[in-house]
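Q:
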Amino acid sequence: MHETIREFIEADLVLEREITADEPLLLSGMIDSLGVMRIVAFLEASFGIKIPASDLKISNFGTLNAIAAYVAKRTAA
Amino acid sequence: MIQPTFPALLHTPLGLAADATPDKPAFRFDGASLTYSELADTSSRMARTLVEAGVRRGDRVALFLDRSFQATIALFGILRAGAAYVPIDPGASQQRVREILDLSGARCLVTTEAKRAALPGGFPASMSAVIGLSKPLEAEVDVISWEEALSSPDLGARAQVLSETDLAYIMFTSGSTGTPKGIMHTHASGMSYACMAANLYGLRADDRFSNACGLHFDMSTLDYFCSTLVGASTTIIPDPWLKLPASLAELIEAERLTVWYSVPLALLQLVEFGDLGSRDLSALRIVLYGGEVFVPKHLETLRRLLPDALIGNVYGPAETNQCTWFNVPEGWNADRGPVPIGAACPNADLLVIGEDDADVAPGETGELAVRAPTMMQGYWRQPELNRTAFLERAGAGGETQRYYRTGDIVIERPDGNLDFLGRRDRMVKSRGFRVELDEVERAIAGLPMVSEAAAFTVALREGVTVIRGAAILNPDETIGARDLAAAVARLLPHFARPDRIELLPEFPRTGSGKIDRRALAEQLSGEAQVSGVVGNA
């Protein structure tokens, strides 16, 4: 799952740059608001989860690790 | 309000507040505070470091940092050294960084290790040092670390003699066409704006400002100079928070922010995804937005969610700071149509002029021109542009009155408020008719199923230009592009109808969060050229 998400972000959102698991993804020049919405759409489609607006938080989306942990929690629920 | 001082430089209030309220947080970031005395002390040491590195009155010092305490210390340090700060978008490429350094002829650059990969391989000859790196650069330029910079003695007797007429900052436009334009502001024009805003909105020492935009964006001057002028605190909101509305709402509540100023995007996301109903935002007493039109139905929601707050639509190109505003009244609703940009701010003289540069008759459309002490000096090293950017008129005594031509088309309502109709350069000819693209955009955005919309032109092939729309639908909305185009077609004359409307999950945005219509047009024109199909609108 970690790898699936990483591949999506690297290929589609940060132009083939390699990202590390705990690198902040949302600083200026990295992923923008459009990118956040694309990540949400990607996760919903790939993992069959529904992401409520109240979950759009740093603790869930700030880094690759945070996203993976969040998805694991949602898919287990 | 701080007592009048002479000269009133943009960093003067910092010193006064550091004497009056040394332990008060001047800035807050990620839960930590930088007090007035700490900021006065560190910025003084930074200023000394810059002076020792060769910076003199009138020099430019570039600032390439994510918003942070470091960026704040650098900003005030540069001013205290007598230089003008030149903020660079922290997301800028190597090429862009080099371009701004070249254009501004910067003496120094203040940055940090985290930005090393974005630094250019070489620097212009004007540069004497890069401040903020802990290891040397391959390029032939001195490097001074943050630790060294802040352990220097304070400015002391090396303080520069300055005048309010000295340049304080130069903000470069994104320059999507041609060379970026450097908007030059003096201490006087910056301070005039800070004073005007403090008086107009009744800003106070007990306010807690937000800083939601980059230092390269003119709105930030309210958060840094007006807040220090009134001796208030400013919470710097890091970029990631602006992209995640639930976290942003949490932060606004936790910091008990009282003053908000941003482009509509952050507020729009808050309204849509911020789960505001469950948040206590009662401390928020002033919400200002500008730079773009706020989609009326979302503004209506915001007005309802914050019944006691002053909500202001603020207008003014970066060249003028702010020159008009409209106080969005309680109970305002979307049926009342677009929000006016309002009436002149104190100290601003407005003209609405026609193609012949003469005043139009009352109630007729024309270009807005502004004369105010908050206005820029001109564009950096662009004599040609400075000849055309201003309209000069003779006053009663033959004195020259200089008005900045905004390029914005407005019309005055009977009640004296101005309506913004669009950019002069967003007027297009379609099948021989004059079409205002912003009007097309408003028609799409006004539909109940649409969250945001954009209109632009794309070249289908050489010489054939069509109007095209793009829309972001509301969550859970399922209408198809064809039906949406049909709904829009009912609202517009035939020549103004977009040939089709693309549905997108989000729009490309500029660094400041505005819709990037140029990028959008490029993104979608590629598709148009491939298919060459004109849909039925």
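These protein sequence lines map, in sequence, to chains A and B. Each residue of the first sequence is one higher than the one before, starting from 1 at the first, in UniProt numbering. Each residue of the second sequence is one higher than the one before, starting from 1 at the first, in UniProt numbering. Where is the CB? At the ideal position from N, CA and C, for every residue including glycine.
For B/Gly58, is the classification buried or exposed, using 16 other Cβ atoms within 10 angstroms of its Cβ as the cut-off for buried?
A: Classification of B/Gly58: exposed, given that the 10 Å Cβ count is below 16.
Q: Where does B/Asn313 sit, in a helix, a strand or coil, going by DSSP?
A: If DSSP states are grouped into helix, strand and coil, B/Asn313 belongs with the strands.
Q: Against chain A, does B/Arg204 count as a neighbour if the rule is that its beta carbon must be under 7 Å from one of theirs?
A: With 7 Å as the cut-off, B/Arg204 does not count as an interface residue toward chain A.
Q: Looking at the unbroken beta strand (DSSP E) that takes in B/Trp241, where does it start and where does it end?
A: Unbroken run through B/Trp241 is the alpha helix (DSSP H), Asp239 to Lys243; no beta strand (DSSP E).
Q: Determine the extent of the beta strand (DSSP E) in which B/Glu85 is found, giving its start and end residues.
A: The question names Glu, but residue 85 of chain B is Tyr in the sequence shown. B/Tyr85 -> beta strand (DSSP E) spans Ala84 to Pro87.
Q: Going by DSSP, name the residue or residues bridged to residue 576 of chain B.
A: Absent from the model: residue 576 of chain B. The displayed extent of chain B is 1 to 537, so no value can be given.
Q: Tell me whether the stretch 298–318 of chain B and the stretch 278–288 of chain B touch, counting them as touching only if at least three CB pairs, one residue from each stretch, are closer than 8 Å.
A: Enough Cβ pairs lie closer than 8 Å, so yes.
Q: So the candidates are B/Met449, B/Pro448, B/Ala453 and B/Val435; which of them puts its Cα closest to the Cα of B/Val441?
A: Just to set this straight, residue 441 of chain B is Glu in the shown sequence, not Val. Checked all of B/Met449, B/Pro448, B/Ala453 and B/Val435; the closest Cα to B/Glu441 is B/Ala453.
Q: Three Cβ pairs or more, each shorter than 8 Å: is that satisfied between the stretch 261–281 of chain B and the stretch 411–419 of chain B?
A: Taking 8 Å as the limit for Cβ pairs, the verdict is that the stretch 411–419 of chain B does not touch the stretch 261–281 of chain B.
Q: Classify B/Pro25: buried if its beta carbon has 16 or more other beta carbons within 10 angstroms, exposed otherwise.
A: Answer is buried; the Cβ neighbour count reaches 16.
Q: From what residue to what residue does the beta strand (DSSP E) around B/His185 run?
A: Taken as a continuous stretch (DSSP letters only), the beta strand (DSSP E) holding B/His185 covers Gly182 to Thr186.
Q: Return the Cβ separation of B/Leu14 and B/Leu39 in integer angstroms, given the expectation that the two are a contact with Cβ distance under 8 Å.
A: Contact flag correct, Cβ pair sits at about 6 Å.
Q: Is DSSP giving B/Leu503 helix, strand or coil here?
A: Here B/Leu503 sits in strand by DSSP.
Q: Could you say which of B/Ala348, B/Asp66 and B/Pro240 lies nearest to B/Leu200 if we only look at CA atoms?
A: Answer by Cα proximity: B/Ala348.
Q: Within 10 angstroms of the Cβ of A/Asn60, are there 16 or more other Cβ atoms? Answer buried if so, exposed if not.
A: Under this definition A/Asn60 is a buried residue.
Q: In its own chain, which residues sit with a C-beta less than 7 Å from the C-beta of B/Pro44, not counting the 5 before and 5 after it?
A: For clarity, residue 44 of chain B is Ser in the given sequence; the question names Pro instead. Arg80, Asp154 and Leu155.
Q: According to DSSP, which residues form a beta bridge with B/Asn211?
A: B/Asn211 pairs with B/Ile236.
Q: Am I right that B/Leu248 and B/Gly274 are in contact with their C-beta atoms under 8 Å? What's the rounded C-beta distance?
A: 6 Å between Cβ atoms; contact.
Q: Report all residues from its chain with a CB closer than 6 Å to the CB of A/Phe8; omit the five preceding and five following residues, and keep chain order.
A: Here the set comprises Phe42.
Q: Out of B/Arg204, B/Tyr169 and B/Arg424, point me to the one whose CA is closest to B/Leu215's CA.
A: Residue B/Tyr169 is the option with its Cα nearest to B/Leu215.
Q: How big is the Cα-Cα spacing for A/Asp12 and B/Glu502?
A: Whole-angstrom Cα-Cα distance: 20 Å.
Q: Verify the CB distance criterion: does B/Leu137 have a CB-CB separation below 7 Å to chain A?
A: No, because no Cβ of chain A sits closer than 7 Å to the Cβ of B/Leu137.
Q: Name the chain A residues whose beta carbon is nearer than 8 Å to that of B/Trp241?
A: Within chain A, the residues near B/Trp241 are Ile58.
Q: Taking C-alpha atoms, which residue in B/Val410, B/Asp218 and B/Glu392 lies nearest to B/Thr400?
A: Cα-wise, what sits closest to B/Thr400 is B/Glu392.
Q: Find out if the Cβ-Cβ distance for the pair B/Arg208, B/Ser233 is shorter than 7 Å.
A: Taking 7 Å as the Cβ cut-off, B/Arg208 and B/Ser233 qualify as a contacting pair.
Q: Please specify which runs of the beta strand (DSSP E), each continuous and at least 3 residues long, are wholly inside the stretch 99–130 of chain B, giving them in chain order.
A: Correct list: 108–110.
Q: Kindly list the residues whose CB is nearer than 8 Å to the CB of B/Pro373, restricted to its own chain and excluding five residues on each side of it in sequence; keep chain order.
A: Excluding positions up to five away in sequence, the list reads Ala188, Ser189, Ser192 and Asn347.
Q: Just to confirm before moving on: does the CB-CB distance between B/Arg318 and B/Ile515 stay below 7 Å?
A: Contrary to the premise, residue 318 of chain B reads as Ala rather than Arg in this sequence. Contact: no.
Q: How should B/Lys115 be labelled, buried or exposed, when 16 other C-beta atoms within 10 angstroms of its C-beta is the threshold for buried?
A: That one is buried.
Q: Would you kindly check if the distance between the Cβ of B/Leu350 and the Cβ of B/Ala344 is under 7 Å?
A: A contact, by the Cβ cut-off of 7 Å.
Q: Closer than 7 Å between beta carbons: that is the criterion. Which residues of the stretch 31–48 of chain A meet it against chain B?
A: Cβ contacts with chain B: Asp32, Ser33, Leu34, Val36, Met37, Arg38 and Ala41.
Q: I think B/Ile236 touches B/Ser68, with their Cβ atoms under 8 Å apart; what is that distance to the nearest whole Å?
A: The Cβ separation is near 7 Å, so the contact holds.
Q: Please name the residue in B/Ala389, B/Asp359, B/Ile472 and B/Ala118 whose C-alpha comes closest to that of B/Arg402.
A: The shortest Cα separation from B/Arg402 among B/Ala389, B/Asp359, B/Ile472 and B/Ala118 belongs to B/Ala389.
Q: Could you tell me if B/Val320 is buried or exposed, where buried requires 16 or more neighbouring beta carbons within 10 angstroms of its beta carbon?
A: Sequence check: residue 320 of chain B is Thr here, not Val. So B/Thr320 counts as buried.
Q: List the residues of chain B whose Cβ lies closer than 7 Å to the Cβ of A/Ala11, in chain order.
A: Within chain B, no residue comes near A/Ala11; the closest Cβ sits about 17 Å away, beyond 7 Å.
Q: With 7 Å as the threshold, decide whether the Cβ of A/Phe8 is near any Cβ in chain B.
A: No - not a single Cβ of chain B is within 7 Å of the one on A/Phe8.
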